[in-house]
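Trainee: In order, the protein sequence lines correspond to chains A and B. Just so we're on the same page, this note's numbering is the position in the first sequence counted from 1, plus 3. Just so we're on the same page, this note's numbering is the position in the second sequence counted from 1, plus 235. Yeah, the Cβ is synthetic: ideal placement off N, Cα and C, and Gly gets one too. As the structure is a computational prediction, the values presented were derived from the model and not from experiment.
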Amino acid sequence: MSLESVQRDAEGYLANREDWSKELAQEIAAQLGVSLTDEHWRVVNAARTIEEESGSSPGLRKISKRSETPIKSIYQLFPDGPAKLVAKIAGIPKPKSCL
Amino acid sequence: MTESGTAKRRSLSVICSKGSFDMAYPGLILANAARMAGVDARLFFTFWGLDIVNKKKVDHLHLNLVGNPSAPIPAMIAGLPGVEALATVQMRKEMERLDIPPIKEFIEMLDDAGADLYGCQMAMDMFRLTRDDLLPQVKDVITAMDFMDLSEGAQIVFV
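#1: Any chance you could list the alpha helix (DSSP H) runs of at least 4 consecutive residues sitting entirely within the segment 250-298 of chain B, in chain order?
#2: Roughly how many angstroms separate the alpha carbons of Arg366(B) and Trp23(A), rounded to a whole number?
#3: Determine the extent of the alpha helix (DSSP H) in which Ile342(B) is found, giving its start and end residues.
#4: Starting from Lys374(B), trace the beta strand (DSSP E) both ways and give me its first and last residue.
#5: Taking buried to mean at least 16 other C-beta atoms within 10 Å of its own C-beta, is Leu315(B) buried or exposed?
#6: For Val274(B), which of Gly349(B), Met383(B) and Leu370(B) has the nearest alpha-carbon?
#7: Within the 8 Å Cβ cut-off, does Ala266(B) reach chain A?
#8: Rounding to the nearest angstrom, what Cα-Cα distance links Arg363(B) and Cys251(B) in this structure?
#9: Candidates Met361(B), Glu329(B) and Leu298(B): which alpha carbon is nearest Phe256(B)'s?
#10: Since Lys99(A) and Ser60(A) should fall inside the 8 Å C-beta cutoff, what is the C-beta to C-beta distance between them, to a whole number of angstroms?
#11: Output the distance between the C-alpha atoms of Tyr260(B) and Val394(B), rounded to the nearest integer angstrom.
#12: In angstroms with no decimal places, state the Cα-to-Cα distance between Lys97(A) and Asp375(B).
#13: Mind reading off the beta-carbon distance from Met344(B) to Pro337(B)? Whole number of angstroms is fine, and I expect it under 8 Å.
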């Protein structure tokens, strides 16, 4: 699936999680001005795993602990609104957590 | 459109004026939510709110039960020695269960998230505090007018 053919909601979150692929994540990231390195992937994968296990889209605190990436580094990796950017790239819904 | 999906770059200024355990959190949580969403955030600690960034006090803030109509126990009992401390311990446990960090850790998290923390000059003078009494994450001690200047175009929240 390419970026043009997948459905996203008004805010840019993926509508159907089955559409997600690593290639698509890269395209979404590029559109958001982020180029994905291994460090980015560790964060994105952690967010996906937590969402899969708990059924709820995590906030940064959980993602930080799970990916063993300090909060400060997450803000460097995803500078403009990390909670939103990570969820969009990971193809999971907008986070429900305030932390 | 910014990368985080808002129409234009937003900015939030939070004024924290209260130093009870329960009133410390709302301002911190709002500022953190702002940063997570790509909104600039700054906090101004004034009057009792300075306790939140006071090295000696930050780990000893108490829940406010007396005069709080939402308190789960009658005011007569709430006023007895030790009751507020006990209730604070209970609330801390609940927060730990929800993985809400203690205040000092929360302040570190906000600093890591790029929020700017300021102490109020007048309140500092009033309580005879110096820069060394405050947590290292506090960027500067400024006047209310300075804070207004920094808040140009920002949404201001008073807690």
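Mentor: Judging by the given coordinates:
#1: Assignment of alpha helix (DSSP H) within the segment 250-298 of chain B, counting only whole runs of 4 or more residues, yields 256-271 in chain order.
#2: Residue numbering aside, residue 366(B) sits at position 131 when the second sequence is read from its first letter. Residue numbering aside, residue 23(A) sits at position 20 when the first sequence is read from its first letter. When rounded, the distance between both Cα atoms is 50 Å.
#3: Translated into the one-based positions of the second sequence, residue 342(B) becomes position 107. Segment Ile338 to Asp347, the alpha helix (DSSP H) holding Ile342(B).
#4: The residue labelled residue 374(B) in the question sits at position 139 within the second sequence. Where Lys374(B) is concerned, the enclosing beta strand (DSSP E) stretches over Val373 to Ile377.
#5: Within the second sequence, the letter at position 80 stands for residue 315(B). Its Cβ having fewer than 16 others within 10 Å, Leu315(B) is exposed.
#6: For the purposes of this step, residue 274(B) is identified with residue 39 of the second sequence, where counting begins at 1. Looking at the Cα atoms, Gly349(B) is the closest of the given residues.
#7: By 1-based counting over the second sequence, the position of residue 266(B) is 31. No, because no Cβ of chain A sits closer than 8 Å to the Cβ of Ala266(B).
#8: Reading the second sequence from its first residue, position 128 is the one you call residue 363(B). Reading the second sequence from its first residue, position 16 is the one you call residue 251(B). Roughly 19 Å between the two C-alpha positions.
#9: Residue mapping note: residue 256(B) aligns to position 21 of the second sequence, counting from 1. With distances taken between Cα atoms, Phe256(B) lies closest to Leu298(B).
#10: Start at 1 with the first residue of the first sequence, and residue 99(A) comes out as number 96. Start at 1 with the first residue of the first sequence, and residue 60(A) comes out as number 57. Indeed, because the Cβ distance is near 6 Å, the residues count as touching under 8 Å.
#11: Within the second sequence, residue 260(B) is the residue found at index 25, counting from 1. Within the second sequence, residue 394(B) is the residue found at index 159, counting from 1. Going by C-alpha positions, Tyr260(B) is about 10 Å away from Val394(B).
#12: Counted from its first residue, the first sequence places residue 97(A) at position 94. Counted from its first residue, the second sequence places residue 375(B) at position 140. One C-alpha to the other measures close to 34 Å.
#13: Residue numbering aside, residue 344(B) sits at position 109 when the second sequence is read from its first letter. Residue numbering aside, residue 337(B) sits at position 102 when the second sequence is read from its first letter. In fact, because the Cβ distance is near 10 Å, the residues do not count as touching under 8 Å.
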